[in-house]
Each structure stands twice: as structure tokens, then as C-alpha cells.
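Q:
There are 2 protein chains.
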Amino acid sequence: MTIQQVATEAGVSPSTVSNLLNGRNHRMLPETRQRIERAIDKLGYRPNRAARQLRTGRNTTIGLVVPSVGNPFWGALARHLESAALAEGYHVLLCNSERDPRRERDYVDELWADGVHGVVLCSSLPSLDHVMPLVERGLQLVAFDRTSQAGDPASLVSISVDNAIGSQLATQHLTDLGHRRLAFVSGALASVNRKERYRGFTAGLEQAGIDPATSVRAPVKGDADDFGDVEASELGRAAAAELLALEEPPTGIVAINDMCALGVCRGLRDGGLEVGKDVSVVGFDDIVLADLYAPTLTTVRQPMKEMAAAAFTQLRSRLDDSGPTQGQSLLFRPELIVRESTAPPT
Amino acid sequence: MTIQQVATEAGVSPSTVSNLLNGRNHRMLPETRQRIERAIDKLGYRPNRAARQLRTGRNTTIGLVVPSVGNPFWGALARHLESAALAEGYHVLLCNSERDPRRERDYVDELWADGVHGVVLCSSLPSLDHVMPLVERGLQLVAFDRTSQAGDPASLVSISVDNAIGSQLATQHLTDLGHRRLAFVSGALASVNRKERYRGFTAGLEQAGIDPATSVRAPVKGDADDFGDVEASELGRAAAAELLALEEPPTGIVAINDMCALGVCRGLRDGGLEVGKDVSVVGFDDIVLADLYAPTLTTVRQPMKEMAAAAFTQLRSRLDDSGPTQGQSLLFRPELIVRESTAPPT
DNA sequence: CGAGGCTGGTGCAACGATGCACCGCATGCT
DNA sequence: AGCATGCGGTGCATCGTTGCACCAGCCTCG
Numbered sequence: 001m002t003i004q005q006v007a008t009e010a011g012v013s014p015s016t017v018s019n020l021l022n023g024r025n026h027r028m029l030p031e032t033r034q035r036i037e038r039a040i041d042k043l044g045y046r047p048n049r050a051a052r053q054l055r056t057g058r059n060t061t062i063g064l065v066v067p068s069v070g071n072p073f074w075g076a077l078a079r080h081l082e083s084a085a086l087a088e089g090y091h092v093l094l095c096n097s098e099r100d101p102r103r104e105r106d107y108v109d110e111l112w113a114d115g116v117h118g119v120v121l122c123s124s125l126p127s128l129d130h131v132m133p134l135v136e137r138g139l140q141l142v143a144f145d146r147t148s149q150a151g152d153p154a155s156l157v158s159i160s161v162d163n164a165i166g167s168q169l170a171t172q173h174l175t176d177l178g179h180r181r182l183a184f185v186s187g188a189l190a191s192v193n194r195k196e197r198y199r200g201f202t203a204g205l206e207q208a209g210i211d212p213a214t215s216v217r218a219p220v221k222g223d224a225d226d227f228g229d230v231e232a233s234e235l236g237r238a239a240a241a242e243l244l245a246l247e248e249p250p251t252g253i254v255a256i257n258d259m260c261a262l263g264v265c266r267g268l269r270d271g272g273l274e275v276g277k278d279v280s281v282v283g284f285d286d287i288v289l290a291d292l293y294a295p296t297l298t299t300v301r302q303p304m305k306e307m308a309a310a311a312f313t314q315l316r317s318r319l320d321d322s323g324p325t326q327g328q329s330l331l332f333r334p335e336l337i338v339r340e341s342t343a344p345p346t
Numbered sequence: 001m002t003i004q005q006v007a008t009e010a011g012v013s014p015s016t017v018s019n020l021l022n023g024r025n026h027r028m029l030p031e032t033r034q035r036i037e038r039a040i041d042k043l044g045y046r047p048n049r050a051a052r053q054l055r056t057g058r059n060t061t062i063g064l065v066v067p068s069v070g071n072p073f074w075g076a077l078a079r080h081l082e083s084a085a086l087a088e089g090y091h092v093l094l095c096n097s098e099r100d101p102r103r104e105r106d107y108v109d110e111l112w113a114d115g116v117h118g119v120v121l122c123s124s125l126p127s128l129d130h131v132m133p134l135v136e137r138g139l140q141l142v143a144f145d146r147t148s149q150a151g152d153p154a155s156l157v158s159i160s161v162d163n164a165i166g167s168q169l170a171t172q173h174l175t176d177l178g179h180r181r182l183a184f185v186s187g188a189l190a191s192v193n194r195k196e197r198y199r200g201f202t203a204g205l206e207q208a209g210i211d212p213a214t215s216v217r218a219p220v221k222g223d224a225d226d227f228g229d230v231e232a233s234e235l236g237r238a239a240a241a242e243l244l245a246l247e248e249p250p251t252g253i254v255a256i257n258d259m260c261a262l263g264v265c266r267g268l269r270d271g272g273l274e275v276g277k278d279v280s281v282v283g284f285d286d287i288v289l290a291d292l293y294a295p296t297l298t299t300v301r302q303p304m305k306e307m308a309a310a311a312f313t314q315l316r317s318r319l320d321d322s323g324p325t326q327g328q329s330l331l332f333r334p335e336l337i338v339r340e341s342t343a344p345p346t
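Protein chains in written order, with the UniProt record's numbering: chain A, 1 to 346; chain B, 1 to 346.
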């Protein structure tokens, strides 16, 4: 089914069909228009994307680079982003970087070579230097789950939840319940987001009149490489054991994310404590699993659907040329979801 | 960077460059070849996919249609499939059907219109009639997690784990531990796979000399619509409550999948029982979560990586025209993974 | 010595959609 | 009368790659 066949069927020239297809139909006779429309769905015509892209240089595919869709958090993003894109006739090309910087760059290169002009990048890297050359050539980049930084390209859009506030909400929730000895469990504070979450934690403590110095940050030994996802739970488990060995173990624990929190729960249980009774645990993200675990996990929800929709909208408006060329930073408001894993200290 | 520029740089015609690029270099002077190769990476040339596809009608993108990448099981598939595809220079276009048959069909249509000739379809539907028209036009289809059926297109490749064996392994594991009162928890046995799993369950019972009639299948009230993923856990939880209300509750439970199994664990705990001690539970799939839950879940592992690789290989060989045109069914061997959720009956 | 074969390439017409330049005609303006 | 303007479309070159048809030059062989 080519545009030529449609044109023949409708008794017009291919140009006219093209005009209609591309909204240049201001001065087209309604009658002509209807003839074409009838021909189109009589023949079941769909424009050939390859031809269209070859001619225009544009396309309707955006790239999504995530650490791993095996992780429910990124899976959820993929799902929502795809949903938003689909509604506008866009497609999503999925790429798993496996947290390998090189693979991340290769993917973005590949996408660019394929004519993809917009990419949602969920980078684990603090710097975006590796993709700068393409950004300079016009690649539109949306950084997800990563607040913007000094060296970032001017056109960059950053989309993230307000990590400091989220973390503070979690902490406050614990102090409101009466907890006074708190701990923050995380790997190395290597990314901006992690630092922000820690900042929220200390802010929450201060607000409750607790000296952050008396709180624990575990594990201290976390190094810069522990960016893993599944490993986050291992880390949480180990950290829990460490905390239990203290003379005065904390009664409330704020974890860097849900996976980590689940690991902490696991570790606490290993140590004979009951989460949601003897100890309280708060996570971050609100992955589906949080509501399935036993006990269900109190956590800080990221409005994924809205964030994904925003990512797409931003990208699209910039691809449609009309959008602002200037970068910006979108911070979403996190929401505390209280479930069973938190309770007043006993 | 066009092929023309490379040709000029190398002092040959575009055709010659194209010949090299497409492996038609049998009778090419090694010297010419090197000149071209040098030109290519001097200019950093990458062939334009749109142009190539327009000309040849082929492309290197395959489609993946899953119910939802939000579900870790499908996320894992996406990850592994993408990995296999990447190694051969192929891309994966991700589509979430959200278990909506119409959306599923629309996606496949869309992919076809985009020039995608190969799709891995993880359909929740027993029949594939809705995509038959495209298959007849040449779409290569690999059905994943769905054994082939009578009405399927002749060219269809089906990839699945051997569900009957898997389920039998799970059942056998319980009987070997000494359990005699078993239950099978599932929604309606609406899909072939589910029926197979139930068949494996009864086979396992018979092998242990237990009359399947004495075992329980819960919930009886499951209807055909309960195909959900998150809902699977709700279903498990409800089923557990139901089972506990029996006069002689089962001591061993085989769940249709891991999510359902986790729901069952949840329900049992609600009823005051300790999983892995008072009751044993076995799942199916071995999602990442199975090893994180408390207690860790004994389950039947599907060799996802191998299955995903096979899906890609099958698709590719058929897309490269050379492959067999005849459909086939690949059944993978499941593996029992024993963890903490199973123990001898007390 | 001329027909035929091999070698190492090249010429060219597609693939399907796009969008600018342009057309003939009618009407308005001065 | 002479020129601009609006209308409803159409003609055509073009995007980058491909692969069949073809070519000139040289070798071989009866």
C-alpha cells in the first residue's frame, strides 16, 4: 500500500494525499478530502515510516536507556513511558545499559545513528560527558531519576522526584511515631540523588530536635561500585546485621530504596526482630513489591506515571522543534505511603 | 555521512562501498577493500537504516509484546531478549499489551506497518486468530510462554518451559518431603500452560501413590478473567484463607506461579502459620523476588536466558530467509530450586 | 585470430514519502 | 487594461542505499 495507490484510488495526485496526511489541508475541498480519506481506509493504507524518515529526517521513536528492566522500578518506568508515547503515536526503543557506562554510550550512539533524536536516559553516572558530542549535534536528552548538575549540557531536561523532601517525609514519619534512634542505610553516596536523600534524612532529624550525630549511617564501608539493584537487598541485609550488633540498635531505619529496605527487613528478621513491631523500616520508590511483602512496606512513592508522562512530553515538544530549547529541571513531589512496616517503638 | 562521501574519500563508486558493506566482496582487491575501510572509519560512517530499510524492505528490529514489563518476569525476558538481539546488532521494540487483546493486536499491526517482520509475542490469549492475517503475509511469530496448539499458524514457533514436568517436580519435592495432603492454587485453568501445570501436579500425586481426588484445587471460583499479575498475589492470599478454613488443611501447596505463591505465603502468615515450617509452599518461575522474600521461596526455575536466546535465534534465522519456514515447538527443561519455604511436615 | 570467460568494478533505476515551486483560472484593485 | 492575489491542487527532485545489468580490459583456447 503506497501513497501512490491511495492517490490513484482517490483520483488525486500523491502530493495531495501527502498534504492531507501532513495537515496541509487548509485550502482543500472538503469533498476531495473525503475522497482521500475513504481511499485510505478502503485500502488500509499506512504511511511507510522508513520512507518518511528518509525524506524528512524525523521519526517517531524515542529511546529509553535504563540500567535494567529486570528491576521492577525501571520496568514501571518503561511501562508508563511507553504508554504516554503510544498515545501520541510514538514508539519506545528499549535499552538495558546493565549499569555499564560504555554500553550506555554505545546505545545512545546507536540510537542516534538510527535517527532517534530523543532519548530518556537513566544514567547511573554522575557526569554526562560521554554523550555530550551527540547532544551538541542535536540529540535531545531527558535525564531521569537524576537531578541536574553543574557540568550538564544546557539543553538537558532533568526529571526526578524531590529526593530530599521524600527522605525527610520518611524520617519525619518515624520521629512522629516516637522513634529517636534512627539509621540511614545506603551504599556509597556516590550519586546526587543519594546525597539528597541523606540530606533529607538529617534534615528530618534536626526538625525533630535529634542530633544527626547520634544517628547511624550504615554501611560505612559502602564503596562507589555498589550501584547494583539486586545487590541493594544484599547490602540492606548486611547492614541490618551490622546495626543489630550495636549496643543501642536503632528502632527506626530509613533505606535508600525499596530493594534495600526489603534486604534490611530480611536481615532484621534473621536477627530475630519483627519488622513493624520491634523495628520500623521505611523504603523509597514504592515498587509494586512493597505492597506484597510481609509486612507491607511503608515507603516514599515516586509518582512514576506523571514523571514518565512529563519525560515524554518534554522530549516531544523539543522534537517537534517548537519546544523550548533551554533545559530545565522538573522535581516531583514524593508521597509517603504508610503501611505495616512502621509502628511506634515498643 | 553518506555512502557517497565514503566512496569519494576512497576513490571508488558508492556501489563498491555497498558491496563491501553487504559482504559481496569475493572478488574485491584487498587494497580496494582497505581503502574503503579506512575511509569508513576516518569519516565515522554508519549506514542510514531508514534508507536501507526503504530499499530492502528488511530491518534489524524485532518486536516484543509482553503483558507488562512492570512484572519482573516479563522484565527479565525483555532484558535477556534484548541482550541476545544486541549481540547480533538487532534492536528490540518494546510493547506492553497490558493483557488487552485489542491492544495486543494493534501493536502487532503497528509493528508490521513499521516494517518489523519478526515479533516475540507473549500472549495471554489461547487463540492467535487476531494476528493470523499478518502471519499469512509473512510476519514471523514466536510465541513465548505458550505451548503450541491445534489452530496455530503452521509457521509459528512456540517457546515455553515444560510446564507439566516443572509442576511435577514441585509436587514430587513436596511428596518426597513427606507431605500427603497437597493443594494446587491457581486462577481458572484458562490457558494451555496452566492446564499443563495442573496436569503435572496430579501426575506428581499419582506417582507418590496419592489419589488426586483427595487433593484440593483452590480457588474453585476462579474465573477466566483473572489473568492479572499483581492480582495473582491477591488470589493466592484469598486461596490460602480458604484452605485454612478446611477441616484438614493441606500441608503442602503448589502455586501456579511465584506471585501467586507469595500471596499464598502472605495468606498463611495472616492465618498464623509459618511458611517453611507449618506449611510448605512451592512457586513457579523463579523471579528475582523469590530469593528475597522471607522465607525465600522454593520454586521451579524457567531458564529465561536460554529461552530468550532461543526466541531470538529462531526469529533471526527465519528473518534471514535461510531458516526453516516450518514452525516448531521448543520445550525447555525446568529446574527445581529448593529454598526455605519447603520443609518436611511437622 | 576471434569467440567466450573471468575480473574488478561501475551505472542506474528503484524503494515511498515529502514539500517547494509552480500552474491555470477567476477575481479584485487601481 | 494591467497587475496582484487567492484558490485548489500538481510536478518533480530528493533523501541514502541497494543490487541487477553491464562494462572494459585481459586471458585462454580451439
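Each residue gets a CB set at the ideal place from its N, CA and C atoms; glycine is no exception. Predicted, not measured: the structure shown is a model, and the values here were computed from it.
Would you grab the beta carbon distance between residue 260(A) and residue 238(A) for me? Rounded to a whole angstrom, and I think it's under 8 Å.
A: For this step, residue 260(A) is matched to residue 260 along the first sequence. For this step, residue 238(A) is matched to residue 238 along the first sequence. Going by Cβ atoms, the distance from residue 260(A) to residue 238(A) rounds to 11 Å, so no, they are not a contact pair.
Q: Label residue 344(B) either buried or exposed according to how many other C-beta atoms from any shown protein chain fall within 10 Å of its C-beta, with 16 as the threshold for buried.
A: Position 344 of the second sequence holds residue 344(B). Classification for residue 344(B): exposed.
Q: Could you have a look at residue 325(A) and say whether DSSP puts it in helix, strand or coil?
A: In the first sequence, the residue the question calls residue 325(A) occupies position 325. Note: residue 325(A) maps to coil in three-state DSSP.
Q: Checking 8 Å against the spacing of the C-beta atoms, do residue 330(B) and residue 159(B) come in under that value?
A: Along the second sequence, one-based indexing puts residue 330(B) at 330. Along the second sequence, one-based indexing puts residue 159(B) at 159. Contact: yes.
Q: Just the Cα atoms here: how many angstroms apart are residue 220(A) and residue 276(A)?
A: Position 220 of the first sequence holds residue 220(A). Position 276 of the first sequence holds residue 276(A). Caution is warranted here: a pLDDT of 46 is assigned to residue 220(A), below 50, making its placement in the model unreliable, and no coordinate value can be reported.
Q: Could you give the distance in angstroms between the alpha-carbon of residue 168(B) and the alpha-carbon of residue 181(B)?
A: Residue mapping note: residue 168(B) aligns to position 168 of the second sequence, counting from 1. Residue mapping note: residue 181(B) aligns to position 181 of the second sequence, counting from 1. If I take the Cα positions, the gap works out to 15 Å.
Q: With residue 301(B) as the anchor, note down where its alpha helix (DSSP H) starts and where it stops.
A: On the second sequence, residue 301(B) is found 301 positions in, with the first residue counted as 1. Where residue 301(B) is concerned, there is no enclosing alpha helix (DSSP H), although the beta strand (DSSP E) it sits in stretches over 299-301.
Q: Cβ atoms of residue 148(B) and residue 325(B): under 8 Å apart, would you say?
A: Your numbering for residue 325(B) matches position 325 in the second sequence. Your numbering for residue 148(B) matches position 148 in the second sequence. Not closer than 8 Å, so no.
Q: Terminal residues of the continuous alpha helix (DSSP H) containing residue 335(A)?
A: Taking the first sequence and counting its residues from 1, one reaches residue 335(A) at position 335. Unbroken run through residue 335(A) is the beta strand (DSSP E), 335-337; no alpha helix (DSSP H).
Q: May I ask you to list, following chain order, the residues of the stretch 127-158 of chain B that have a beta carbon less than 8 Å from some beta carbon of chain A?
A: none
Q: Anything in the stretch 290-324 of chain B with a Cβ closer than 8 Å to a Cβ of chain A? List those residues in chain order, please.
A: 292, 293, 294
Q: Against chain B, does residue 118(A) count as a neighbour if the rule is that its beta carbon must be under 8 Å from one of theirs?
A: Along the first sequence, read from residue 1 onward, the residue named residue 118(A) stands at position 118. It does not; no Cβ of chain B falls within 8 Å.
Q: Contact criterion: CB-CB distance below 8 Å. Does residue 196(B) meet it with respect to chain A?
A: Against the second sequence, residue 196(B) aligns to sequence position 196. Cβ-Cβ to chain A under 8 Å: no for residue 196(B).
Q: Using the beta-carbon count (16 or more within 10 Å), is residue 133(B) buried or exposed?
A: If you number the second sequence from 1, residue 133(B) lands on position 133. Per the 10 Å Cβ criterion, exposed.
Q: Looking only at C-alpha atoms, which of 34(A), 48(A), 307(A), 334(A) sits nearest to residue 115(B)?
A: As a first step, residue 115(B) must be located in the second sequence, where it is residue number 115. Of 34(A), 48(A), 307(A), 334(A), the residue nearest in Cα terms is 48(A).
Q: Identify the residues that DSSP records as bridge partners of residue 96(A): which are they?
A: Counted from its first residue, the first sequence places residue 96(A) at position 96. Checking the DSSP bridge columns, you'll see residue 96(A) partnered with 66(A).
Q: Which residues in chain B sit within 9 Å of residue 82(A), going by Cβ to Cβ distance?
A: As a working mapping, residue 82(A) is identified with position 82 in the first sequence. The answer, in chain order, is 69, 94, 95, 96.
Q: On a CA-only basis, which of 129(B), 191(B), 291(B), 111(B) is nearest residue 145(B)? Give me that one, please.
A: On the second sequence, position 145 is the one that residue 145(B) refers to. The shortest C-alpha separation from residue 145(B) is found at 191(B).
Q: Excluding sequence positions up to five away, which residues of its chain have a Cβ less than 6 Å from the Cβ of residue 161(A)?
A: Counting from 1 along the first sequence, the entry for residue 161(A) is found at position 161. Excluding sequence neighbours, residue 161(A) sits near 302, 332, 334.
Q: Provide the residue span of the alpha helix (DSSP H) that contains residue 73(B), from first to last.
A: Sequence index remark: in the second sequence, residue 73(B) carries index 73 (1-based). That run of the alpha helix (DSSP H) goes 72-87.
Q: Which class does residue 116(B) belong to by DSSP, given the choice of helix, strand or coil?
A: Indexing the second sequence from 1 puts residue 116(B) at position 116. Coil, per DSSP.
Q: Is residue 121(A) helix, strand or coil by DSSP?
A: In the first sequence, residue 121(A) corresponds to position 121, counting from 1. Here residue 121(A) sits in strand by DSSP.
Q: With burial defined as no fewer than 16 other Cβ atoms inside 10 Å of the residue's Cβ, what is the status of residue 338(B): buried or exposed?
A: On the second sequence, position 338 is the one that residue 338(B) refers to. So residue 338(B) ends up on the exposed side.
Q: Which residues bound the beta strand (DSSP E) around residue 182(B)?
A: Position 182 of the second sequence, counted from the first residue, corresponds to residue 182(B). That run of the beta strand (DSSP E) goes 182-185.
Q: In the DSSP assignment, the alpha helix (DSSP H) including residue 191(B) goes from what residue to what residue?
A: Against the second sequence, residue 191(B) aligns to sequence position 191. It is not in any alpha helix (DSSP H) - residue 191(B) carries neither H nor E in the DSSP assignment.
Q: Rounded to whole angstroms, what is the Cα-Cα separation between residue 65(A) and residue 289(B)?
A: Counting from 1 along the first sequence, the entry for residue 65(A) is found at position 65. Counting from 1 along the second sequence, the entry for residue 289(B) is found at position 289. Distance between the alpha carbons of residue 65(A) and residue 289(B) is about 23 Å.
Q: Quick check on residue 180(B) - is its C-beta less than 8 Å from some C-beta in chain A?
A: As a working note, residue 180(B) is residue 180 in the second sequence. Residue 180(B) does not count as touching chain A.
Q: Can you confirm whether the stretch 10-24 of chain A touches the stretch 34-44 of chain A when touching is taken to mean that 3 or more C-beta pairs between the two stretches lie within less than 8 Å?
A: yes
Q: Against residue 326(A), what residues of chain B qualify as contacts under a CB-to-CB distance less than 7 Å, listed in chain order?
A: Along the first sequence, one-based indexing puts residue 326(A) at 326. Those do not exist, as residue 326(A) stays about 29 Å from chain B at its closest Cβ, beyond 7 Å.
Q: For residue 98(A) versus residue 67(A), is the C-beta distance shorter than 8 Å?
A: The residue you call residue 98(A) lines up with position 98 of the first sequence. The residue you call residue 67(A) lines up with position 67 of the first sequence. Contact: yes.
Q: Can you check which of these residues, 187(A), 278(A), 214(A), is closest to residue 234(A) by C-alpha distance?
A: Locating residue 234(A) in the first sequence gives position 234, counting from the first residue. The shortest Cα separation from residue 234(A) among 187(A), 278(A), 214(A) belongs to 187(A).
Q: What does DSSP give as the partner residues of residue 217(B) in its beta bridges?
A: Start at 1 with the first residue of the second sequence, and residue 217(B) comes out as number 217. Per DSSP, 184(B).
Q: Can you have a look at residue 59(B) and say buried or exposed, based on whether 16 or more other CB atoms are within 10 angstroms of its CB?
A: Stepping through the second sequence from its first residue, residue 59(B) is reached at position 59. It counts as buried.
Q: Taking DSSP as the reference, what is the three-state secondary structure of residue 201(A)?
A: What you label residue 201(A) is simply residue 201 of the first sequence in a count that begins at 1. Helix.
Q: Around the Cβ of residue 311(B), are there at least 16 other Cβ atoms within 10 angstroms (buried) or fewer (exposed)?
A: Numbered from its first residue, the second sequence carries residue 311(B) at position 311. Residue 311(B) is buried by the Cβ-count criterion.
Q: For residue 250(B), does the count of other Cβ atoms within 10 angstroms reach 16, so buried, or fall short, so exposed?
A: For the purposes of this step, residue 250(B) is taken as residue 250 along the second sequence, with counting starting at 1. Classification for residue 250(B): buried.
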